[in-house]
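All residue numbers for the sequence shown refer to this note's numbering, where the first residue is 121 and numbers rise by one.
In what follows, a structure is listed as C-alpha cells, so that the remarks can point back to it.
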Amino acid sequence: MKTVCLIVPPSVFLLDERVFMSLGILRVAAMLERAGHRVEMLDLSGIANHTDVVRLHARASRATHFGLTATTPQMPATFAIAQALRAVRPDATLILGGPHITLVSASRKMETREKRPGRGVAAFDKLAAAFDVLVAGDGEFAVERALVDAPPAFIDGDDPKSDLFLKSAQLKDMPFPARHLVDVDSYRYTIDGVKALSLIAQLGCPFECGFCGGRFSPMLRRARMRDPENVVAEIEHLHRAYGTRAFMLYDDELNVNPRMVDLLNRITDLQKRLGVEFKLRGFIKSQLFNDAQAEAMVRAGFRWILTGFESGSPRILQNINKRATLEENSRCVDFSSSPAAPFTAETFRTPGYPFFLSLFFRDGVPRGAVLWVQVFLGALSAAVLFAAGVRLWGRTAPALWAGLCLAVDFVTVLYGAFVLTETLFLLFLLLAFWALAGSLERPRPLLLTAAGLGLGLAALVRPVGFFLFLAVAPVLAVSWRRRGVPWRRPLLLFLAASFALTGGWMVRNKIRAGVFAFTTIDRALIHVRLALLKVESSGASFDQSLAAIQSEADRAETGAHSNRWALRRLAAQSGAHAALLAKESARFWLGNSFKAAAWVLAADPAYDPARVPAYAKDGFLAQGSRLLRAHPALGAGALLFLAFLGVNYGLVGWGAARGGAAFFRDARVWLLVVPIAYFYLLSIGSVAHARLRIPAMPFVFLLAGEAAARLRAGQRRPHQVVDPL
C-alpha cells in the first residue's frame with residue numbers, strides 16, 4: 121500500500137476560493153482509501169503562500185506519489201507547485217489529472233487524427249515534461265495504474281472503450297467523496313442564507329454547445345447517471361455528518377436524467393422522514409424542462425434554477441449549436457413562473473434598462489444601434505434641461521448655461537457610449553423635473569401625474585431614484601401652502617403617480633420572490649461599505665474584502681435579505697465610516713473618469729476595468745500623475761475638466777453667498793438642492809466614482825447658470841423670487 125498526497129491548487133482568479141470544494145479529487149481520494157492506501161490531502165484553496173506550504177509539507181511527508189488536479193486557470197499555480205515538489209522531493213512521482221489535461225488530451229487526439237499537430241500536441245508535451253504521469257478523464261480507477269512501480273507516462277481514462285471509463289452501473293457502488301479530508305467548515309457557500317454543500321448526481325453533458333471546451337471529451341460529453349437511491353443516501357450522509365440543510369447539485373443539467381422526478385420525490389420524502397426542510401439549487405436544460413419537473417423541484421426545496429439561455433437571438437442559438445430555440449427558452453420561463461412552481465425571481469435589478477436594451481439586441485437591428493440611440497437621448501436630455509431651466513427661472517440665460525454644460529460634461533457624454541443605465545435614467549429624471557418645474561407655483565394635475573410617472577420610470581431604470589419623490593414632495597407642499605393654494609389632493613396625486621410603477625414592481629417581487637421590496641440591492645451596498653472599511657483598515661484588495669464580508673454576512677444574517685448584522689457592523693465602526701464618507705465625497709465631486717477614457721479612447725490595457733481595482737487606495741494626485749505621464753493629452757483634458765467643475769461649483773457657492781437668506785427661501789433653489797443632496801447622500805460610501813454623480817449634475821448646472829446670470833447682470837439678489845418659503 122502507498123502513501124499518496126493529493127493536492128488542490130489555489131484558484132487565484134476567484135473572488136473567494138472557498139466556495140465549492142473540488143469533488144473530483146475527493147472521489148479519487150475515497151477510492152484510494154477504499155483500496156487501503158494512506159491519503160494526505162493538501163487543499164491550497166485561498167492559500168497565498170501555497171508554494172511555501174507545499175515545500176514544508178513535502179519535506180515532512182512520507183508520500184511517494186503527489187497527485188494534482190487542475191483546471192486551465194489553475195495551471196500557473198500548478199506548475200509552481202510541481203517545481204517546488206521537484207526541488208524538495210525529486211524521488212517522488214508527480215501525477216497530474218483534472219479538466220486541463222483531459223481537454224489537452226482530447227485536443228491532441230483530434231490533431232493527431234487529422235494529422236495537423238498544433239496547440240494540443242504542444243500543450244501535452246509541455247505537461248509531460250513537468251509531470252511523471254498524466255491522467256486524462258475519469259481518475260477513480262486510473263489512479264491505481266499511476267501507483268505501480270513503473271507507471272505509464274499517460275493513462276487515458278477518457279476512452280469509453282477502456283475499463284477506466286466510468287459506467288452508470290458502477291457509480292452506485294463507489295464511495296462518496298472524501299470530504300472528511302478537507303476543512304468542510306471553511307467553505308462558505310450558502311443558499312438563501314443557509315450554509316450549503318455541493319454534490320454531483322450525474323456525470324457528463326450530452327449536448328455539443330459550440331463554445332464548450334469539453335465538447336470533444338467523452339468524459340465530459342457522455343451522461344452517466346447515479347441511482348436516485350444513491351444520491352439520496354449521499355444527501356442524508358451530508359445532513360447527518362455536517363448538519364447540512366442546503367445542497368447545490370452541480371450536474372450540468374439535472375433534467376437530462378429521465379429519473380429526475382423520481383429523485384426529487386425521494387428527496388422530498390427524505391425531508392419528511394428527517395423532519396427538516398432543505399434548500400436546493402441546480403442547473404436545468406431549458407428545452408427539456410416541463411411542469412412535472414418544476415412542481416417536483418419546488419416540493420423538494422428548489423427556489424432558484426439555473427439555465428444557460430446564452431442568447432435571445434435565434435440565429436446565435438443556431439450558430440453556437442445550443443439545440444434550444446427562443447420559443448423553448450421562453451416556455452422554460454413560463455414553467456418556472458407558473459403558480460404551481462414559484463421559483464425565486466430576480467429582485468436585485470429593476471426592469472427598465474433591460475427592457476430598453478431588448479428593443480435593440482435582436483435580429484435585424486444593427487450592432488451598436490443602442491449606443492447611437494443613447495447619444496440621441498443624451499442630446500435630448502440637454503434640450504429637456506434647457507426647457508426645464510426656462511420654465512424654472514423664467515429666462516433663457518441660466519437654462520442655456522445648464523443645457524450647454526450638460527452637453528459637454530465629459531462624464532455624462534462618456535457613459536452615454538457604454539451599455540449602462542445612466543443616459544436613460546437621466547432622461548426620465550429630467551422629463552419629470554420639467555413637469556415639476558411647471559407645477560411649483562400652482563398644482564397642475566396633468567403635469568404632476570407626468571412628473572410622478574417620470575420619477576417611477578427613472579427608478580425602474582436605476583433603483584437609486586426610488587425615494588426621490590418623497591424628498592421632493594415637501595418642497596411642493598410648502599410652496600403651495602405659502603402661496604395659499606389647496607395642496608393636499610395635488611400632493612396625494614403626485615405621490616400616487618410616483619408610486620404607481622414602483623409599487624407595481626414591489627408587488628411583483630412579493631408574488632414572485634416573497635420579498636415586498638423594490639430591490640434587494642441595499643444589502644449589497646451595505647456590504648460594499650463594509651468592504652471599503654476593511655480595505656482601509658487591513659490593506660486587502662477590495663475584491664477580497666467584499667468576498668470576505670459577503671461570506672461573513674451569509675453566515676451571520678438570519679434571512680436571505682436581512683441587513684441586521686451588516687448594519688450593526690457598520691454602526692460599530694462609526695468613526696472609520698465618517699472618515700470613509702469624507703474620502704468618498706471627494707471621489708464623488710471631483711472624479712473625472714479619465715481612466716475609463718484611457719481604456720476606451722487610448723485602448724490602454726492598464727486601464728481595462730477588468731484589471732483596474734474597483735477601489736484604489738491611492739489619492740487623486742497619484743492617479744492623475746500616472747495618467748498624465750502615460751497619456752499627456754488625456755491628463756491635460758482631465759485638468760481642464762476639473763477646471764470646468766470648479767467653475768460650476770464656484771458659481772453655486774458664490775450664488776449662495778451673495779443671495780443670502782433670500783436665496784435659500786426660494787422654492788426653485790430647493791427644487792434643485794434636494795436632488796443634489798439626495799444623489800450625493802445615497803452614493804457616497806459605495807465606491808462613489810464620477811459615474812454616480814451624473815444625475816446630480818443637471819441641478820448643479822442650473823444653480824450655476826442662475827448664479828452666472830446674476831454675476832453678469834451685477835445683481836445681488838435673485839432675479840425674481842417666485843415662491844419664498
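Beta carbons are placed, not taken as given, at the ideal position from N, Cα and C, and that holds for glycine.
Every value quoted in this text rests on a predicted model; they were computed, and no experiment measured them.
For R746, the three-state DSSP class (helix, strand or coil): Along the sequence shown, one-based indexing puts residue 746 at 626. Of the three classes helix, strand and coil, the one that applies to R746 here is helix, per DSSP.
Keeping to the same chain, check which residues put their C-beta closer than 6 angstroms to that of G755; ignore five residues upstream and five downstream. Taking the sequence shown and counting its residues from 1, one reaches residue 755 at position 635. Contacts found: L747, L748.
For P280, which residues from the same chain have a beta carbon less than 8 angstroms from its beta carbon, with the 5 sequence-adjacent residues on both sides left out? Here residue 280 is taken as the residue at index 160 of the sequence shown, counted from 1. Shown here for P280: same chain residues with a beta carbon closer than 8 angstroms to its own, the five before and five after excluded, namely P338, R342 in chain order.
Comparing alpha-carbon positions, which option in G659, R515, L687, S431 lies nearest A827? The residue given as residue 827 occupies position 707 in the sequence shown. Minimum Cα-Cα distance from A827 among the listed residues G659, R515, L687, S431 corresponds to R515.
What first and last residue would you give for the alpha helix (DSSP H) that runs through R401? Working through the sequence shown from its first residue, we reach residue 401 at position 281. For R401, there is no enclosing alpha helix (DSSP H); the enclosing beta strand (DSSP E) has its first and last residue at 399 to 403.
Flag this pair as yes or no: are the beta carbons of I804 and L701 separated by less than 7 angstroms? As a position in the sequence shown, residue 804 is number 684, starting the count at 1. As a position in the sequence shown, residue 701 is number 581, starting the count at 1. A contact, by the Cβ cut-off of 7 angstroms.
With a Cβ-Cβ cutoff of 7 angstroms, do L369 and G402 count as a contact? Taking the first residue of the sequence shown as 1, we reach residue 369 at position 249. Taking the first residue of the sequence shown as 1, we reach residue 402 at position 282. It is a contact, given that the beta carbons lie within the stated cut-off.
Straight-line Cα distance separating F708 from S694: Taking the sequence shown and counting its residues from 1, one reaches residue 694 at position 574. Taking the sequence shown and counting its residues from 1, one reaches residue 708 at position 588. Rounded to whole angstroms, S694 and F708 show a C-alpha spacing of 20 angstroms.
Do you know offhand how far F336's Cα is from K246's? In the sequence shown, counting from the first residue as 1, residue 336 sits at position 216. In the sequence shown, counting from the first residue as 1, residue 246 sits at position 126. If you draw a straight line from the Cα of F336 to the Cα of K246, it is about 21 angstroms long.
Note down, in chain order, each residue of its chain lying with its Cβ closer than 6 angstroms to the Cβ of R552, except the 5 sequence neighbours on either side. Taking the sequence shown and counting its residues from 1, the one referred to as residue 552 is at position 432. Note on residue identity: the sequence assigns Ala, not Arg, to residue 552. These residues qualify, in order along the chain: A571, G574, L575.
Between which two residues does the alpha helix (DSSP H) carrying F327 extend? Locating residue 327 in the sequence shown gives position 207, counting from the first residue. According to the DSSP assignment, F327 belongs to no alpha helix (DSSP H), since it is labelled neither H nor E.
Residue range of the alpha helix (DSSP H) that G755 falls in? Translated into positions along the sequence shown, residue 755 becomes position 635. That run of the alpha helix (DSSP H) goes 752 to 785.
Rounded to the nearest angstrom, how far is the Cβ of I215 from that of H185, given a contact under 8 angstroms? In the sequence shown, residue 215 corresponds to position 95, counting from 1. In the sequence shown, residue 185 corresponds to position 65, counting from 1. The Cβ separation is near 6 angstroms, so the contact holds.
Cβ-based burial, Q194 [other Cβ within 10 Å; buried from 16]: Mapped onto the sequence shown, residue 194 falls at position 74. Under a 10 Å Cβ-count criterion, Q194 is classified as buried, with 16 or more other Cβ atoms of the shown protein chains found around its own Cβ.
Simplified DSSP state of Y370, which is helix, strand or coil: Indexing the sequence shown from 1 puts residue 370 at position 250. DSSP places Y370 in coil when its eight states are reduced to three.
Kindly indicate which residue of K442, R308, F422, E234 has the alpha-carbon position closest to the one of C329. Against the sequence shown, residue 329 aligns to sequence position 209. Relative to the Cα of C329, the nearest Cα in the group K442, R308, F422, E234 belongs to K442.
Take every Cβ of the stretch 783 to 798, pair it with every Cβ of the stretch 584 to 599, and state whether three or more of those distances are shorter than 8 angstroms. Verdict: yes, contact present.
Closer than 8 angstroms is the cut-off here; do at least three beta carbon pairs connect the stretch 537 to 547 with the stretch 484 to 495? With a cut-off of 8 angstroms, the stretch 484 to 495 and the stretch 537 to 547 count as touching, because enough Cβ pairs lie within range.
From the DSSP output, read off the bridge partner residues of R158. For the purposes of this step, residue 158 is taken as residue 38 along the sequence shown, with counting starting at 1. Looking at the DSSP output, R158 shares a beta bridge with T123.
Exposure label - M230; buried when at least 16 CB within 10 Å: Numbered from 1 along the sequence shown, position 110 holds the residue referred to as residue 230. With fewer than 16 Cβ atoms within 10 Å of its Cβ, M230 is classed as exposed.
Endpoints, alpha helix (DSSP H) assigned at L524: Counting from one through the sequence shown, the residue named residue 524 turns up at place 404. Where L524 is concerned, the enclosing alpha helix (DSSP H) stretches over 516 to 528.
Using the three-state DSSP reduction, which class does T189 fall into: helix, strand or coil? Start at 1 with the first residue of the sequence shown, and residue 189 comes out as number 69. Three-state result, T189: strand.
If you run the structure through DSSP and keep just helix, strand and coil, what is V841? Sequence index remark: in the sequence shown, residue 841 carries index 721 (1-based). With a pLDDT of 41 at V841, under the threshold of 50, the modelled position of this residue cannot be trusted; read the value that follows with caution. In the displayed model, V841 falls within coil according to three-state DSSP, outside both helix and strand.
Please report the distance separating the alpha-carbon of L164 from that of S181. Counted from its first residue, the sequence shown places residue 164 at position 44. Counted from its first residue, the sequence shown places residue 181 at position 61. For L164 and S181, the distance between alpha carbons rounds to 16 angstroms.
Kindly indicate which three-state DSSP category W424 falls into: helix, strand or coil? The residue you call residue 424 lines up with position 304 of the sequence shown. DSSP places W424 in the strand class (E or B) of the three-state scheme.
Environment of M121 [buried if 16+ CB atoms lie within 10 Å]: As a working note, residue 121 is residue 1 in the sequence shown. By the neighbour-count rule (16 or more Cβ atoms within 10 Å), M121 is not buried but exposed.
Whole-angstrom distance between L650 and R689, CA atom to CA atom: Reading the sequence shown from its first residue, position 569 is the one you call residue 689. Reading the sequence shown from its first residue, position 530 is the one you call residue 650. About 8 angstroms.
Closest to K399 by C-alpha separation, out of N410, V381, I387, would be which residue? The residue you call residue 399 lines up with position 279 of the sequence shown. The residue from N410, V381, I387 with its alpha-carbon nearest to that of K399 is I387.
Extract the residue ranges of the beta strand (DSSP E) inside the stretch 628 to 716, only unbroken runs of 3 or more that lie entirely within it. Within the stretch 628 to 716, no complete beta strand (DSSP E) run reaches 3 residues.
Assign I631 to one of two classes, buried (16 or more other C-beta atoms within 10 Å of its C-beta) or exposed (fewer than that). Taking the sequence shown and counting its residues from 1, one reaches residue 631 at position 511. It counts as exposed.
Please identify the residue among S450, V598, L721, L383 whose C-alpha is closest to the C-alpha of Q407. For the purposes of this step, residue 407 is taken as the residue at position 287 of the sequence shown. For the residues S450, V598, L721, L383, the minimum Cα distance to Q407 belongs to S450.
Straight-line CA distance for R469 to G558? Counted from its first residue, the sequence shown places residue 469 at position 349. Counted from its first residue, the sequence shown places residue 558 at position 438. It is roughly 32 angstroms from the alpha-carbon of R469 to the alpha-carbon of G558.
beta-carbon G144 near the ligand MN non-hydrogen atom, thresh 6 angstroms: Among the components modelled here there is no ligand, and therefore nothing to report on the ligand MN.
Quick check: the Cα distance between L512 and G773, rounded to an integer number of angstroms? For this step, residue 512 is matched to residue 392 along the sequence shown. For this step, residue 773 is matched to residue 653 along the sequence shown. Cα atoms of L512 and G773: separation of roughly 20 angstroms, rounded to the nearest angstrom.
Under the rule that 16 or more other beta-carbon atoms within 10 Å means buried, what is V174, buried or exposed? On the sequence shown, position 54 is the one that residue 174 refers to. Result: buried.
Answer with buried or exposed for T232, where buried requires no fewer than 16 other C-beta atoms within 10 angstroms of its C-beta. In the sequence shown, residue 232 corresponds to position 112, counting from 1. Burial call: exposed.
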